[in-house]
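Numbering (the numbering used here), first residue to last: 8 to 173.
Ideal Cβ positions, reconstructed from N, Cα and C, are used throughout, including at glycine.
Quick notes on the structure that follows.
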């Protein structure tokens, strides 16, 4: 597969894209080909960027394709619900993650197509690119980076840009 300028490649040094290497953190479970819900791993493979979410109460719209999120927006991580690994609205009775968090981790989120749009129960949900808690702090499987780098990246990517995780 040929890597294009808008594609990202995860390397031991960081996320390589457009001639830059952006320091990042990956899942506390490392990189795995056989990703499972709750394993804390970043899934190996080629993942497309399928969405961009942002908090309009905390930042300006970062890209023309970005969608605002608010207090009622959630992400279903309940493998036994038909909306597993999809954005849902509160009230939602299944297991979920709040997108409009009290901290700033999800102020800006790039959504990958991991286990989406047709989700297989137990294969893991929501592999996002989002800001990190602190440099190098591992995630639950997502890829995290400094907020300035995430904004720089978001302004240059387009839907269907690819993330290569070798």
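Terminal residues of the alpha helix (DSSP H) in which residue i lies
i	result
residue 159	154-163
Limits of the unbroken beta strand (DSSP E) element including residue i
i	result
residue 59	52-61
residue 102	Here residue 102 belongs to no beta strand (DSSP E), and DSSP marks it neither H nor E.
residue 82	80-83
residue 21	21-24
residue 137	135-138
residue 15	15-18
residue 28	27-29
residue 117	115-119
residue 172	169-172
Cut-off 8 Å between Cβ atoms - residues of its own chain near residue i, not counting five sequence neighbours on either side
i	result
residue 157	115, 117, 136, 137 and 138
residue 81	94, 95, 96, 97, 99, 103, 104, 105 and 106
residue 141	none
residue 145	32, 33, 34, 35 and 47
Close Cβ partners of residue i (< 6 Å) along its chain, the five nearest in sequence each way excluded
i	result
residue 36	46, 47 and 48
residue 60	74, 76 and 116
residue 30	21
residue 65	114
residue 83	90, 91, 93, 95, 101 and 103
8 Å contact criterion, which residue i and residue j should meet: CB distance rounded
i	j	result
residue 16	residue 27	With a Cβ gap of about 11 Å, residue 16 and residue 27 do not count as contacting.
Cβ-Cβ distance between residue i and residue j below 8 Å
i	j	result
residue 32	residue 155	no
residue 63	residue 78	no
residue 12	residue 25	yes
residue 149	residue 34	yes
residue 169	residue 55	yes
residue 86	residue 44	yes
residue 53	residue 171	yes
residue 101	residue 111	no
Cβ shell of residue i (< 7 Å), same chain only, five flanking positions each side left out
i	result
residue 122	92, 130, 131 and 132
residue 120	54, 55 and 57
Near the ligand GTP: residue i beta-carbon under 7 Å from a heavy atom
i	result
residue 167	Ligands are entirely absent from the displayed structure, and the ligand GTP is therefore not among its contents.
Do the stretch 126-133 and the stretch 61-79 touch if we need at least three Cβ pairs shorter than 8 Å? The stretch 126-133 vs the stretch 61-79: no contact.
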